[in-house]
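Structure first, then comments.
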Amino acid sequence: MVRIMHLNQTTQKRRGLFLKPVSKKDAPDYFDIVKRPMDLSTIRDKVRKIEYRNHEQFRHDVWQIQLNAHLYNNNGRNPGIPPLADQLLEICDCLLEDYGDQLAEAEKGIDR
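Residue numbering for the sequence shown follows full-length UniProt numbering, starting at 1 and increasing by one per position.
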């Protein structure tokens, strides 16, 4: 029973991975290791404010999530997290490729 509850808690935590900024409560030493935090809600806010001038800037922030996951967990702390960050970047790359033409057209309308 305890094992099932632990698995459930782990699953719940992983569902929220990368969605919101890491808190000091959840990872007290995170900001000692990660110097440029990034998360999907920050990316969403930047999209809404039209802060990205091109898809490369957007991809860079998704890459930053991946890098941070590897930096913070490189000592075996949470070995399941870096592969999830890798998958996130792979999905991002696939979507950027799939929508490349539309993105190129939309980027023409952004003041550089």
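Note that the Cβ used here is the ideal one computed from N, Cα and C, for glycine as well. Everything numeric in this text was worked out from a predicted model, so none of it was measured.
What residue ranges within the region 27-78 form continuous alpha helix (DSSP H) runs of no fewer than 4 residues, ordered along the chain?
You should have 30-33, 40-48 and 55-73.
How far does the alpha helix (DSSP H) with Lys108 in it reach, from first residue to last?
Lys108: member of the alpha helix (DSSP H) spanning Gly100 to Lys108, first to last residue.
With DSSP as the reference, label Cys92 as helix, strand or coil.
DSSP places Cys92 in helix when its eight states are reduced to three.
Note down, in chain order, each residue of its chain lying with its Cβ closer than 7 angstroms to the Cβ of Leu69, except the 5 sequence neighbours on either side.
The sequence given here has Ala at residue 69, not Leu. A distance below 7 angstroms between beta-carbons, with the five flanking residues on each side excluded, links Ala69 to the following residues of its chain, in chain order: Ile81, Pro82 and Ala85.
Using 7 angstroms as the threshold, is the C-beta distance between Ile43 and Asp61 below it?
Yes.
Could you check which residue in Pro28, Gln57 and Asn75 has the C-alpha nearest to that of Leu96?
Comparing Cα-Cα distances from Leu96 to each of Pro28, Gln57 and Asn75, the minimum goes to Gln57.
Rounded C-alpha distance that separates Gln33 from Lys20:
One detail in the question is off: residue 33 reads as Ile in this sequence, not Gln. Here the alpha carbon of Ile33 sits roughly 18 angstroms from the alpha carbon of Lys20.
Assign Phe31 to buried or exposed, taking buried as 16 or more other Cβ atoms, counted over all protein chains shown, within 10 Å of its Cβ.
For Phe31, the number of other beta carbons within 10 angstroms of its own is below 16, and it is reported as exposed.
Apart from the five residues just before and just after Ile87, which ones in its own chain have a Cβ nearer than 7 angstroms to its Cβ?
Note on residue identity: the sequence assigns Gln, not Ile, to residue 87. Counting only Cβ-Cβ distances below 7 angstroms, and skipping sequence neighbours, we find nothing.
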